[in-house]
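Last residue of the sequence shown: 320 in this note's numbering, with the numbers rising by one and none dropped. We put the beta carbon where it would ideally sit given N, CA and C, even for glycine. The structure under discussion appears below in the form of structure tokens.
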Amino acid sequence: MKSAAAVLAVSAALALGCAGASAHALRLPSAPRCPVFPASNPWNQRVDRLPVARSSAAIISTIGLETGLHADFGSGLWQGSPIGIPFDVVRRSTPRARVSFEYAGESDHVRYPIPKRVHIEGGSDHHALLVDRDACRLYELGGLERRGGRWQAWSGATWSLRSNRLRPAGWTSADAAGLPIFPGLARYDEARRGVIDHALRFTVARTRRAYVYPARHYASSLTDPGLPPMGLRLRLKASFDIGPFPRQARIVLIALKRYGMIVADNGSNWYISGAPSPGWSNDQLHTLGRVKGSSFEVVDTTSLHP
């Protein structure tokens with residue numbers, strides 16, 4: 015007879031598996047009418063059955079075969095700021111503000127719904143992500159700060175959450191790849207429900223002077239073909255055993271097997287992005303460091319192109 019603990023463990027595993035199979039495009043609880051982009055959007059498409067890219071081994075090697083995965087999000091504070099990239103849900107009534115941009119030619123010149131107590135990412139990036147629950151519209155700002163009573167940022171971009179429309183070719187966004195940041199974040203509301211059903215955003219130290227769909231921008235002068243271009247999709251190998259990992263880490267790893275992760279910016283190797291929350295267990299997330307770069311492969315996403 016199986017022990018009660020064993021039965022519970024099996025039940026939990028089945029729950030995770032069923033949640034991943036049946037759930038689709040989980041919506042933000044505080045914006046339930048809005049999809050986080052259509053089901054056909056690249057962020058929401060599974061890649062676990064797509065072929066491995068021919069350049070996979072070379073690219074994985076340049077990112078780091080023995081470097082461990084790192085959850086760049088969690089609970090509590092790091093150097094005085096929440097761990098991760100925060101976001102705010104705003105409404106039609108949220109006051110709109112003008113923002114001046116360093117990259118004015120590649121920014122969307124609209125009024126941004128910046129709440130009085132807007133949450134801005136710590137560190138040097140100062141991202142502000144704003145989800146308008148009434149218009150189902152996403153606004154993102156990079157390098158946001160207030161100077162002399164006016165808002166300034168290096169770049170700003172906006173997307174309809176109901177559309178797959180990309181930014182113009184060659185344009186940046188609040189992210190170096192010209193992609194939206196919000197759909198690539200691991201969110202605690204997803205982990206609480208047991209499934210992350212989209213690709214995750216991650217960074218690498220060195221990228222190539224190139225971008226691939228769905229990215230729209232590069233941020234490098236390097237031309238080595240062994241380096242990853244912006245927008246490259248990687249996934250955790252199907253053979254990797256996630257059984258020994260705690261629940262929150264397993265949820266992330268299942269997503270990395272099914273949906274993978276997208277190169278979105280220059281930064282530390284194998285750092286995956288998420289939103290801060292007191293619900294995250296830093297101890298559980300730290301176990302992701304046991305997953306090395308050699309456990310990933312580059313996906314041939316040619317079939318995902320429109």
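Q. Should the segment 240–249 be regarded as contacting the segment 189–208, the criterion being three or more beta carbon pairs within less than 8 Å?
A. yes
(Q) Tell me which residues share the same chain as I210 and place their Cβ nearer than 7 Å to its Cβ, disregarding the 5 neighbours each side in the sequence. (A) A200, E204, I265, V266 and A269
Q.
On the criterion of 16 or more Cβ atoms from any shown chain inside 10 Å, does A289 qualify as buried, or is it exposed?
A. buried
Q) Taking S282 as the reference, which of G82, S54, R60 and S44 has the closest Cα? A) G82
Q.
Can you check which of these residues, P43, L40 and D62, is closest to L318 by C-alpha distance?
A. D62
(Q) Could you check whether the segment 69–85 touches the segment 288–306, counting it as contact only if at least three pairs of C-beta atoms, one from each stretch, sit closer than 8 Å? (A) yes
Q. Grouping DSSP H, G and I as helix and E and B as strand, with all else coil, what is E116?
A. coil
Q: Would you check if the segment 95–114 and the segment 128–143 touch, i.e. whether three or more CB-CB distances between them fall below 8 Å?
A: yes
Q. What residues are listed by DSSP as bridge partners for W173?
A. L152
(Q) Across the segment 137–156 and the segment 119–128, are there enough close Cβ pairs to call them in contact, namely three or more that are closer than 8 Å? (A) yes
Q: Decide if D102 is buried, meaning its Cβ has at least 16 other Cβ atoms within 10 Å, or exposed.
A: buried
Q: May I have the straight-line CA-CA distance separating P12 from F216, to the nearest angstrom?
A: The structure shown does not extend to residue 12, since the chain spans only 15 to 320, so no value can be given for it.
Q. Leaving out the 5 sequence neighbours to the left and right, which residues in its chain are closer than 7 Å to G184 when beta-carbon positions are compared?
A. R230 and H231
Q) Could you give the distance in angstroms between the alpha-carbon of R207 and the alpha-carbon of F254? A) 23 Å
**Q.** Backbone CA spacing between A278 and G162 [nearest angstrom]
**A.** 32 Å
Q. Which first and last residues belong to the beta strand (DSSP E) in which Y227 is found?
A. No beta strand (DSSP E) contains Y227, which DSSP labels as neither H nor E.
(Q) Using the three-state DSSP reduction, which class does H300 fall into: helix, strand or coil? (A) helix
Q. Straight-line CA distance for Y285 to S169?
A. 22 Å
**Q.** Member of G78, A233, D146 and S54 whose CA lies at the smallest distance from the CA of P43
**A.** D146
**Q.** Where P56 falls, given that 16 or more other Cβ within 10 Å makes a residue buried
**A.** buried
**Q.** Secondary structure of P260, DSSP reduced to three states
**A.** coil
**Q.** Residue environment, S235, which counts as buried when at least 16 other CB atoms sit within 10 Å
**A.** exposed
Q: For R164, write down the residues that DSSP places opposite it in a beta bridge.
A: R161
Q | Rounded separation between I73 and R112 - CA only | A | 41 Å
Q: Sort I99, T186, G78 and S107 by Cα distance to L143 and report the nearest one.
A: I99
Q: Please confirm whether D314 and A67 have their CB atoms less than 8 Å apart.
A: yes
Q. Is DSSP giving I74 helix, strand or coil here?
A. helix
(Q) Helix, strand or coil, according to DSSP, for A37 in the structure here? (A) The predicted position of A37 is uncertain, since its pLDDT is 40 and thus under 50; no value can be drawn from it.
Q) How many whole angstroms separate the CB atoms of K214 and G198, which I take to be in contact at a CB cut-off of 8 Å? A) Checking the sequence, you will find Leu at residue 214 rather than Lys. Indeed they touch by this definition, with Cβ atoms about 5 Å apart.
Q.
In the DSSP assignment, the beta strand (DSSP E) including A285 goes from what residue to what residue?
A. Rather than Ala, the amino acid found at residue 285 in this sequence is Tyr. Run containing Y285: Y285 to S287, per the beta strand (DSSP E) assignment.
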